[in-house]
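First comes the structure, then the notes that go with it.
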Amino acid sequence: MPLAETIRVIQPGKRRIKLFVDFWNVVISARKVSKLFEIDVIWDKLSEAIVNQTRQGHFDESNGELAGCHIFGSFSRSNSKESIFIDDTLDKYGSVPGLFFNFSERIPKRTSRRCSSCGESIKISGESGVDLTLAIDMIKHAAMREHEYLALVSSDRDFMPLLDYLKDQGQRVLHVATNAPDRDMRSVTWTQIDLSPHYSYLSRIIHEGCIVLTAPSCSAELEELLLAAPFSRENIRIIDITNKNEIDDKDLSYLMTNRSLYWRRAEDEDGDYSKYSFSRDNISEFRAKLSAGHIYGDLPYAMVGGECETYFSGNKSGARWMQMGGRETRKSWPKLFRD
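Reading the sequence shown from the start, the letters are residues 752 to 1090 in this note's numbering.
This is the structure in structure tokens:
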């Protein structure tokens, strides 16, 4: 039964939800959608997407209400890249209303096992009680009864006893599977939501410098863009999306969805980009049509900080380049936007 229907039967109009999120379980699952790009989860968008699953149809204006999104994770001081990633996450989302981050240091633990070569005890890095902290917090909030629903966002089966306990306590718990849905976890929860199809919309690309997407048919526009770029050539990553050696099918599919790129057929002079649907062809057919110039799109397409800065519009009568970052784009790329 769809989530909206289960909620309508049990508690119409009352859908306050508290989310409890296994940080690394979500991040690791989200990163599987792309090999080429480093991925960052958009946490406020994630919580909003889960809450929106409670909506009871297109005309329902009494949407679910987030009563708090509690995110639990760990970090290692010896892993500088991981520490920087955690700091960046807190800088971006730590002040967002309704998001509560709880990070603890991952401390290596000695075990009874010893190295066969040197005889020293082996250290194993664990989650340092993160799962336990999440479980205790979820039980504590369950007792408060300031919600209609709790949601666990994790596919870690270590939480099975927690889910079973909450079910016995009469709590309506939603299981948000971070990868493939789990039948056993579904059996002890109110309903299950599969998060994996939504990662393309709930993530952003992390990168340095500038990424430029291009195709052979727009070589002149690419050179114009490069001459105007506020980056040195070594800080510009050029990707020909028709070339499978530069970007494979999985990464191209992710990129097309994540950046919401639009296309039109070569014969469509009116510029209606909706006249060609990428989903109608397989990736190989799309690449072939784009390479041959049978379709056109938002290329070249320049990204900075995971967001679009500018792209070539192909408009013969108006602005040739679109400034997606507003005035800041105009300041950064003055050669493209001369009056």
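A virtual CB, placed ideally from N, CA and C, is assigned to each residue, including glycine. A quick note: this is a predicted structure, and the numbers were derived from the prediction, not measured.
Alpha carbon of residue 768 to alpha carbon of residue 854, nearest angstrom: Taking the sequence shown and counting its residues from 1, the one referred to as residue 768 is at position 17. Taking the sequence shown and counting its residues from 1, the one referred to as residue 854 is at position 103. Taken atom to atom, the span from the alpha-carbon of residue 768 to that of residue 854 is near 22 Å.
Leaving aside the five residues before and after residue 1004 along the sequence, list all residues of the same chain whose C-beta is less than 7 Å from its C-beta, in chain order. Position 253 of the sequence shown, counting from 1, holds the residue named residue 1004. Around residue 1004: 1034.
Do three or more CB pairs link the segment 898 to 907 to the segment 927 to 941 at distances below 8 Å? Contact between the segment 898 to 907 and the segment 927 to 941 is established, with three or more Cβ pairs separated by less than 8 Å.
In three-state DSSP terms, what is residue 1010? Taking the sequence shown and counting its residues from 1, the one referred to as residue 1010 is at position 259. In the structure shown, residue 1010 falls within a coil segment according to DSSP collapsed to helix, strand and coil.
When the distance is taken between beta carbons, is residue 955 closer than 8 Å to residue 822? Numbered from its first residue, the sequence shown carries residue 822 at position 71. Numbered from its first residue, the sequence shown carries residue 955 at position 204. No, they are not a contact pair.
Would you mind reading off the limits of the alpha helix (DSSP H) that contains residue 1079? Sequence index remark: in the sequence shown, residue 1079 carries index 328 (1-based). That run of the alpha helix (DSSP H) goes 1078 to 1083.
Going along the chain, which residues of its own chain have a beta-carbon closer than 6 Å to the beta-carbon of residue 982, five neighbours each way excluded? For the purposes of this step, residue 982 is taken as residue 231 along the sequence shown, with counting starting at 1. Hits under 6 Å: 960, 961.
Could you check what DSSP says for residue 879 in three-state terms: helix, strand or coil? One-based indexing of the sequence shown puts residue 879 at position 128. Below a pLDDT of 50, predicted positions are generally treated as unreliable, and residue 879, at 49, falls in that range; no measurement from the model is reported.
Where residue 936 sits in the DSSP three-state scheme: Here residue 936 corresponds to residue number 185 of the sequence shown, with the count starting at 1. DSSP, read as helix, strand or coil, puts residue 936 in helix.
Identify whether residue 769 lies in helix, strand or coil by the three-state DSSP scheme. Numbered from 1 along the sequence shown, position 18 holds the residue referred to as residue 769. In the three-state scheme derived from DSSP, where H, G and I count as helix and E and B as strand, residue 769 is classed as strand.
CA-to-CA distance, residue 934 to residue 915, given in whole angstroms: Within the sequence shown, the letter at position 164 stands for residue 915. Within the sequence shown, the letter at position 183 stands for residue 934. Spanning the two alpha carbons is a distance of roughly 13 Å.
Can residue 978 and residue 1086 be called in contact, C-beta distance under 8 Å? As a position in the sequence shown, residue 978 is number 227, starting the count at 1. As a position in the sequence shown, residue 1086 is number 335, starting the count at 1. Yes, the pair counts as a contact, with Cβ atoms nearer than the cut-off.
Can you list, in chain order, the residues of its chain with a C-beta nearer than 7 Å to that of residue 993? Leave out the 5 residues immediately preceding and following it. Numbered from 1 along the sequence shown, position 242 holds the residue referred to as residue 993. Result list for residue 993: 966, 967, 1038, 1041, 1042, in chain order.
Look up residue 776 in the DSSP assignment and say whether it is helix, strand or coil. Indexing the sequence shown from 1 puts residue 776 at position 25. Collapsing the DSSP output to three states places residue 776 in a helix.
Could you say which of 796, 1047, 770, 899 lies nearest to residue 843 if we only look at CA atoms? The sequence position of residue 843 within the sequence shown is 92, counting from 1. Among 796, 1047, 770, 899, the Cα nearest to that of residue 843 is on 796.
If you count every other CB in all the chains shown that lies within 10 Å of the CB of residue 1062, and 16 or more means buried, which is it? Working through the sequence shown from its first residue, we reach residue 1062 at position 311. Looking at its Cβ environment, which holds 16 or more other Cβ atoms inside 10 Å, residue 1062 is buried.
Return the first residue and the last residue of the alpha helix (DSSP H) that residue 977 is part of. Taking the sequence shown and counting its residues from 1, the one referred to as residue 977 is at position 226. Start and end: 970 to 979.
What are the boundary residues of the alpha helix (DSSP H) that residue 742 is part of? Because the chain spans 752 through 1090 in this model, residue 742 falls outside it and cannot be assessed.
Beta-carbon contacts of residue 856 that lie in its chain and below 8 Å, excluding the five residues immediately before and after: Here the question's residue 856 lines up with position 105 in the sequence shown. These residues qualify, in order along the chain: 825, 826, 827, 828, 879.
Give the DSSP bridge partners of residue 1048, in chain order. Start at 1 with the first residue of the sequence shown, and residue 1048 comes out as number 297. Answer by DSSP bridge pairing, in chain order: 1014.
Assigned exposure category for residue 847 - 16 Cβ within 10 Å defines buried: Within the sequence shown, numbered from 1, the residue matching residue 847 stands at position 96. Residue burial annotation: residue 847 is exposed, with fewer than 16 other C-beta atoms found within 10 angstroms of its C-beta.
I'd like the list of long-range same chain contacts for residue 881, defined as Cβ closer than 7 Å, with 5 residues on each side in sequence excluded. For this step, residue 881 is matched to residue 130 along the sequence shown. The residues are 823, 824, 825, 855.
If we call anything under 8 Å between Cβ atoms a contact, is residue 952 one with residue 781? In the sequence shown, residue 952 corresponds to position 201, counting from 1. In the sequence shown, residue 781 corresponds to position 30, counting from 1. Taking 8 Å as the cut-off, the beta carbon of residue 952 is found no closer than this to the beta carbon of residue 781.
Kindly give me the distance between the Cβ atoms of residue 942 and residue 918, rounded to whole angstroms, as I take these residues to be in contact under 8 Å. Indexing the sequence shown from 1 puts residue 942 at position 191. Indexing the sequence shown from 1 puts residue 918 at position 167. Not quite, the Cβ-Cβ distance comes to about 12 Å (not below 8 Å), so this is no contact.
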